[in-house]
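The numbering of the sequence shown is this note's numbering, which starts it at 988 and goes up by one.
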Amino acid sequence: MEFDNNDVNSEEVKKLFLDNEIDSNILIARIDFIFAILILIHLLLLVFGVFEDSFEMRQLPILLSIVIINIFNSIITFKLNGKSNILKFINIFSLSISIALCNLLFSYMVSILMVLPVVLSSRYFLKWFTRAVAIITGLLWFVSTYVGEFFGISWLDLNFYEPAKGTIIKVMPPSFYDSVVAVGIDLETRMDTIGARFFIEITFYIIISIVSVGLAKCGRKLIYNMAKDRLDKTRLSTELNIASKIQLDMLPNSFDLKPKRNEFELAASMSPAKEVGGDFYDFFYIDGNHLALIIADVSGKGVPAALFMANAKTTIKNIALSSSAKTTSSILGKANNALCRGNEEGYFVTVWMAIIDIKTGKGIATNAGHENSVVKRAGKEFEIVKYKHSIALGVLEDTKFEEHEFALNKNDILIVYTDGIPEAINKEEEQFGEVRMVEALNNMVYENDTPDKIIITLKEETNKFANGAEQSDDITILCYVQK
988 MEFDNNDVNS EEVKKLFLDN EIDSNILIAR IDFIFAILIL IHLLLLVFGV FEDSFEMRQL
1048 PILLSIVIIN IFNSIITFKL NGKSNILKFI NIFSLSISIA LCNLLFSYMV SILMVLPVVL
1108 SSRYFLKWFT RAVAIITGLL WFVSTYVGEF FGISWLDLNF YEPAKGTIIK VMPPSFYDSV
1168 VAVGIDLETR MDTIGARFFI EITFYIIISI VSVGLAKCGR KLIYNMAKDR LDKTRLSTEL
1228 NIASKIQLDM LPNSFDLKPK RNEFELAASM SPAKEVGGDF YDFFYIDGNH LALIIADVSG
1288 KGVPAALFMA NAKTTIKNIA LSSSAKTTSS ILGKANNALC RGNEEGYFVT VWMAIIDIKT
1348 GKGIATNAGH ENSVVKRAGK EFEIVKYKHS IALGVLEDTK FEEHEFALNK NDILIVYTDG
1408 IPEAINKEEE QFGEVRMVEA LNNMVYENDT PDKIIITLKE ETNKFANGAE QSDDITILCY
1468 VQK
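What follows is the structure, encoded as structure tokens:
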């Protein structure tokens, strides 16, 4: 098998050609087998006199040869599962020989089938192979036709032949050929008639052969394009996996939060729906006693959303750490103006941000178009906390953001999340919803559970509800416990 020097990926091209060759071998072997079965059925009908006195002994070895050749070839191909370079030669040329042998008997009916091996050979996408099959099959067709006519072996259709007066012929009864056939027509009549017939058949054969070579050429180009596409997809998948790892590495880990403090416990998790996601979370110290908590959801999906996410995360944190005004409204106001500038694509990001005094548990929060938070007071159940929301970041410059004061006491639990939780759907396209989410937390979460366990529980309940339905959105959860 030949390959161009500029192969996009030689190994991938070889694999695609090999897979195609195996499929082609199996297909042609099946055609060989079906052809053999049809001839065998015809032979049995002749032997048992279904066509009355139309059977002649000289037909027997020819018909048996066709059956044996094709069945033997099919058995070899199926036994090897189509995996052998030599099978394409065996498959195609055994079919050509079988049709040529059949042409000895049924020249007026089988001639059209001589193009079948040529057309099938184009499936291997090798121009030289299709040309060789066209030449060899054409020679076999030409020889078998003339041999059948010269020796009077072939049956003739009296609808197309006009025997000379006084010719003694043996007329066969009508059969499933839907015509009256005859043997015993004189040689001169056969030769005179075959010339006109050949002109039409050869023209048709040449046209089909040229088209088949063209199909082989097109198929070869298709293989190279498929190899290029697969290489591009593999490269893209690799790059997306790297991007996903980089994105996850951007997110903080509670174990890395320095210095370690005993006033709280904290955990967070992000599970993207695709290779990269638009959700993010963040937490960092504003000063010695104040901790910033952030969770956000960028509009859109895929790489563009992930890039906007990285920009939003960096912008908010840089402003929070450098700004003199340490309030959530002022931080998000400045971040919003920065994200609006140059945002021609129109991306926006919903953000929930809080700054908590870890010693007292008191804090302020701003909800910029994000989901409601959930709080569990010590000794009580989880409940949704609702207060006035502002619009998302990146929508409109100079937006004024609302603030909400809150206080967390000992063992109080605060959970914030993105819409991948309440909007998770099952196979019946029902949404999980806030009500089911709160019920799941109240049924499964205990006061002594760690934030990590609470997050795992909530994700498990979401997945249980989805019941195998594909995750349609990123799922991000942040859990804070006041100690």
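Glycine included, each C-beta is placed from N, C-alpha and C at the ideal position.
**Report entry** Cβ-based burial, Tyr1433 [other Cβ within 10 Å; buried from 16]
**Finding:** exposed
Query raised in the report: What does a CB cutoff of less than 6 Å around Ser1360 pick up in its chain, not counting 5 residues either side in sequence?
Result: Sequence-distant Cβ neighbours of Ser1360 in its own chain, meaning closer than 6 Å and more than five residues away, are Val1372, Val1403.
**Report entry** Residue burial classification, Ile1193 (beta-carbon count within 10 angstroms, cutoff 16)
**Finding:** So Ile1193 ends up on the exposed side.
Query raised in the report: How many angstroms separate the CA atom of Asn1249 from the CA atom of Ile1400?
Result: Rounded to whole angstroms, the separation of the alpha carbons of Ile1400 and Asn1249 is 15 Å.
Query raised in the report: Taking the alpha carbon of Ala1023 as the point to measure from, which residue in Ser1083, Lys1288, Thr1347 has its own alpha carbon closest?
Result: Ser1083
Query raised in the report: Nearest to Leu1395 by CA position, among Val1362, Lys1367, Ser1317, Ala1427, is which residue?
Result: Val1362
Requested in this report: Determine, using beta carbons only, whether Val1054 and Ile1099 come nearer to each other than 7 Å.
Outcome: no
Query - Identity of the residues DSSP links to Lys1349 by a beta bridge - result: Ala1394
Query raised in the report: With distances taken between CB atoms, is the gap from Phe1295 to Tyr1334 smaller than 7 Å?
Result: yes
Report task. State buried or exposed for Glu999, treating a residue as buried only when at least 16 other CB atoms are found within 10 Å of its CB. Result -> buried
Requested in this report: May I ask you to report which of helix, strand or coil DSSP gives Asn1359?
Outcome: coil
Requested in this report: Using only alpha-carbon positions, find the residue among Ile1443, Leu1202, Met1257, Ser1317 that is nearest to Arg1110.
Outcome: Leu1202
**Report entry** Contacting residues, own chain, Cβ-Cβ under 6 Å from Tyr1374 (five flanking each side not counted)
**Finding:** His1391
Query raised in the report: How many angstroms separate the CA atom of Ala1299 from the CA atom of Leu1465?
Result: If I take the Cα positions, the gap works out to 18 Å.
Query raised in the report: From Asp1019 to Ser997, what does the alpha carbon distance come to, in whole angstroms?
Result: 32 Å
Query raised in the report: On the three-state DSSP scale, how would you describe Leu1474?
Result: The first residue shown for the chain is 988 and the last is 1470, placing residue 1474 beyond what the model contains.
Query raised in the report: Hey, how far is the Cα of Leu1103 from the Cα of Thr1190?
Result: Computed Cα separation, rounded: 15 Å.
Query - Neighbourhood of Val1382 by C-beta, 7 Å cutoff - its chain only, sequence neighbours within 5 removed - result: Phe1335
Report task. Rounded to whole angstroms, what's the CA-CA distance from Arg1217 to Val1200? Just pull it up for me. Result -> 26 Å
Query raised in the report: When you compare only the Cα positions, how much space is there between Asp1460 and Ala1379?
Result: Taken atom to atom, the span from the alpha-carbon of Asp1460 to that of Ala1379 is near 18 Å.
Report task. Indicate the three-state DSSP secondary structure (helix, strand or coil) for Ile1273 in the structure shown. Result -> coil
Query raised in the report: Can the beta-carbon of Glu1421 be found less than 7 Å from the beta-carbon of Pro1409?
Result: yes
Report task. Assign Pro1048 to one of two classes, buried (16 or more other C-beta atoms within 10 Å of its C-beta) or exposed (fewer than that). Result -> Per the 10 Å Cβ criterion, exposed.
Query raised in the report: Quick one: Cα of Ile1443 to Cα of Lys1387, how far?
Result: 36 Å
Query raised in the report: Apart from the five residues just before and just after Thr1064, which ones in its own chain have a Cβ nearer than 6 Å to its Cβ?
Result: Within the same chain, Thr1064 has close Cβ partners Asn1012, Ala1016, Leu1074.
Query raised in the report: Which runs of the beta strand (DSSP E) spanning at least 3 residues fall entirely within the stretch 1076 to 1114, listed in chain order?
Result: none
Requested in this report: Per DSSP, which residues does Glu1370 bridge with? Please list them.
Outcome: Val1362, per the DSSP bridge assignment.
Query raised in the report: When you compare only the Cα positions, how much space is there between Met1029 and Lys1001?
Result: Residue identity check: residue 1029 is His in the sequence provided, not Met. Straight-line Cα distance between these residues: approximately 42 Å.
Query raised in the report: If you draw a straight line from the C-alpha of Leu1253 to the C-alpha of Asn1435, how long is it?
Result: Their Cα atoms are separated by approximately 14 Å.
Query - Phe1035 classed as buried or exposed, judged by whether at least 16 other C-beta atoms fall within 10 angstroms - result: exposed
Query raised in the report: In three-state DSSP terms, what is Ile1049?
Result: Looking at Ile1049 - three-state DSSP - the assignment turns out to be helix.
Requested in this report: Report yes if the CB atom of Ile1210 is closer than 7 Å to the CB atom of Phe1004, and no otherwise.
Outcome: yes
Query raised in the report: Nearest CA to the CA of Leu1092: which residue from Tyr1133, Asn1078, Lys1066, Leu1126?
Result: Per the Cα distances, Tyr1133.
Query raised in the report: How long is the line joining the alpha carbons of Met1257 and Phe1271, rounded to whole angstroms?
Result: 17 Å
Report task. Using a threshold of 7 Å, state whether the C-beta atoms of Ile1351 and Thr1315 are closer than that. Result -> yes
Query raised in the report: To which residues does DSSP link Asn1354 through a beta bridge?
Result: Trp1339
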